[in-house]
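Asker:
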Amino acid sequence: MILSLIIFESQCYKGGYMASYIFTLGFHEDFIIRRLMNSKTSKGERIIVFTVSPVSGASEKAFKNLEAFCATAGLSRPELVEIKVSGREFIEIVYDIISVLKDLEEPIIADLSGGMRILVIATYIGVEMSRKRSIVYVAQESGQGEEYKIDIEEIRILSKEYSEEKMRILKEIAENPGTTIREIAEKIKRSEKTVTTHINDLKKDRLIASKGRTQNLYITKLGEIKNKIEKHRKTITPTEISENIEK
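Quick note, the sequence shown lines up with residues 10 to 256 if you use this note's numbering.
#1: Which whole runs of the beta strand (DSSP E) in the segment 91-170 are 3 residues long or more, in chain order?
#2: So Leu-34 and Ala-71 are supposed to be a Cβ contact under 8 Å. How far apart are they, rounded?
#3: Are the beta-carbon atoms of Pro-116 and Ser-139 separated by less than 8 Å?
#4: For Glu-88 and Val-61, what's the separation of their Cα atoms in angstroms?
#5: Between Ser-19 and Tyr-30, what straight-line distance do the alpha-carbon atoms span, to the nearest angstrom?
#6: Under three-state DSSP, which class holds Ser-68?
#7: Can you tell me whether DSSP reads Glu-88 as helix, strand or coil?
#8: From Leu-231 to Ile-134, what distance separates their C-alpha atoms?
#9: How about Ile-42 and Val-90: are their beta carbons less than 8 Å apart?
#10: Roughly how far, in whole angstroms, is the beta-carbon of Lys-175 from the beta-carbon of Leu-211, given that I think they are within contact range, below 8 Å?
#11: In or out: Phe-40 buried (at least 16 other Cβ within 10 Å) or exposed?
#12: For the candidate residues Thr-223, Ile-228, Asn-209, His-207, whose alpha-carbon lies nearest to that of Ile-217?
#13: Throw me the rounded Cβ distance for the Arg-177 and Ile-197 pair, which I believe falls under 8 Å.
#14: My assumption, with CB atoms under 8 Å, is that Phe-32 sits in contact with Ala-119. Please give the rounded CB distance.
#15: Any heavy atom of the ligand COA within a distance shorter than 7 Å of the CB on Phe-59?
#16: Excluding the 5 residues flanking Ile-238 on each side, which residues of the same chain have their C-beta closer than 7 Å to its C-beta?
#17: Any chance you could list the beta strand (DSSP E) runs of at least 3 consecutive residues sitting entirely within the segment 168-236, in chain order?
#18: Leaving out the 5 sequence neighbours to the left and right, which residues in its chain are closer than 6 Å to Ala-67 when beta-carbon positions are compared?
#19: Can you tell me whether Thr-60 is helix, strand or coil according to DSSP?
#20: Express the C-alpha separation of Lys-235 and Gln-224 in angstroms, rounding to a whole number.
#21: So what does DSSP say about Phe-32, is it helix, strand or coil?
#22: What would DSSP say about Met-27, mapped onto helix, strand or coil?
#23: Mind checking which residues open and close the alpha helix (DSSP H) that includes Arg-55?
#24: For a quick check, are the C-beta atoms of Ala-28 and Glu-114 less than 8 Å apart?
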């Protein structure tokens, strides 16, 4: 099974705007047609199809079938973009992807359920690096079965560096569900104004949430994972990492 990735629900994410669609094509076009139908693609929205160069006969046939579908459905003609993979550095492949994505309208709705794995990975990284609002779908190779969803913005938050003070506040909320700004300020010996500023930043990143009339603070699922990651990072020293690499 190829890693399955989905970011948000497409119908909510489009929000009435014109989207751009990208796909990685192997030997079958069924998943592309299914995605275009499920996403209620509109006429005028661009459809970009990445495939490995040189294009195989099976991929060419699949693309022609896709062209026929789009013509019948009244959609924009799909654009085939050949990406040279063999004999190249991975970053060169990613750059080629980004060069195409930079001109696309947001949001980008991508389905990476087909095609060579290296192309799928390069396209996913290209989508993330484009910094555009994106929805990414990848199903099992059979095109059936469950799809997992990952919000790329959450991944960005998990990898984001926070100040020691913000992480301490996050830890306090994790260990004391329902705590208040005043209680945290007293605990870490900082002003309520400073704590409030940190709290607002953590809320914006969806790491914590407030509930009730008294705005009691609770950690979110994303916040729990961020807190655990931070704990794990502190238990591994640079020396231990170097020793493990040498082994």
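Note that the Cβ used here is the ideal one computed from N, Cα and C, for glycine as well. In this text the structure is predicted, and so the values were computed from the model without any measurement.
Answerer: Reading it off the structure:
#1: 117-120, 143-146
#2: Mapped onto the sequence shown, residue 34 falls at position 25. Mapped onto the sequence shown, residue 71 falls at position 62. That pair is a contact at about 6 Å.
#3: Residue mapping note: residue 116 aligns to position 107 of the sequence shown, counting from 1. Residue mapping note: residue 139 aligns to position 130 of the sequence shown, counting from 1. Going by C-beta atoms, Pro-116 is not nearer than 8 Å to Ser-139.
#4: Looking up residue 88 in the sequence shown gives position 79. Looking up residue 61 in the sequence shown gives position 52. Cα to Cα, Glu-88 sits roughly 14 Å from Val-61.
#5: Taking the first residue of the sequence shown as position 1, residue 19 is located at position 10. Taking the first residue of the sequence shown as position 1, residue 30 is located at position 21. Note that Ser-19 scores a pLDDT of 42, beneath 50, so its modelled location is shaky; the value from the coordinates is reported in the next line. Approximately 11 Å, taken between the alpha carbons.
#6: Residue numbering aside, residue 68 sits at position 59 when the sequence shown is read from its first letter. In this structure, Ser-68 counts as helix in the three-state DSSP scheme.
#7: Translated into the one-based positions of the sequence shown, residue 88 becomes position 79. Strand.
#8: Indexing the sequence shown from 1 puts residue 231 at position 222. Indexing the sequence shown from 1 puts residue 134 at position 125. Going from the Cα of Leu-231 to the Cα of Ile-134 covers about 21 Å.
#9: Position 33 of the sequence shown, counted from the start, is the residue given in the question as residue 42. Position 81 of the sequence shown, counted from the start, is the residue given in the question as residue 90. No, these two residues do not count as a Cβ contact at 8 Å.
#10: In the sequence shown, counting from the first residue as 1, residue 175 sits at position 166. In the sequence shown, counting from the first residue as 1, residue 211 sits at position 202. Contact flag correct, Cβ pair sits at about 6 Å.
#11: Indexing the sequence shown from 1 puts residue 40 at position 31. With 16 or more other Cβ atoms within 10 Å, it is buried.
#12: As a first step, residue 217 must be located in the sequence shown, where it is residue number 208. Ile-217 has its Cα closest to that of Ile-228, out of Thr-223, Ile-228, Asn-209, His-207.
#13: Numbered from 1 along the sequence shown, position 168 holds the residue referred to as residue 177. Numbered from 1 along the sequence shown, position 188 holds the residue referred to as residue 197. About 6 Å; that satisfies the 8 Å criterion.
#14: Within the sequence shown, the letter at position 23 stands for residue 32. Within the sequence shown, the letter at position 110 stands for residue 119. Contact flag correct, Cβ pair sits at about 7 Å.
#15: Absence of the ligand COA is noted for the structure shown, with no ligands found whatsoever.
#16: Here residue 238 corresponds to residue number 229 of the sequence shown, with the count starting at 1. Once the five neighbours on either side are set aside, the close Cβ partners of Ile-238 are Leu-167.
#17: 217-220, 225-228
#18: Numbered from its first residue, the sequence shown carries residue 67 at position 58. Once the five neighbours on either side are set aside, the close Cβ partners of Ala-67 are Phe-36.
#19: For this step, residue 60 is matched to residue 51 along the sequence shown. Note: Thr-60 maps to strand in three-state DSSP.
#20: Taking the first residue of the sequence shown as 1, we reach residue 224 at position 215. Taking the first residue of the sequence shown as 1, we reach residue 235 at position 226. Approximately 22 Å, taken between the alpha carbons.
#21: Stepping through the sequence shown from its first residue, residue 32 is reached at position 23. Phe-32 falls in the strand class under three-state DSSP.
#22: Numbered from its first residue, the sequence shown carries residue 27 at position 18. Correct three-state label for Met-27: coil.
#23: Walking along the sequence shown from the start, residue 55 turns up at place 46. Element bounds for Arg-55: n/a, residue is neither H nor E.
#24: Counted from its first residue, the sequence shown places residue 28 at position 19. Counted from its first residue, the sequence shown places residue 114 at position 105. Yes, the Cβ-Cβ distance between Ala-28 and Glu-114 is below 8 Å.
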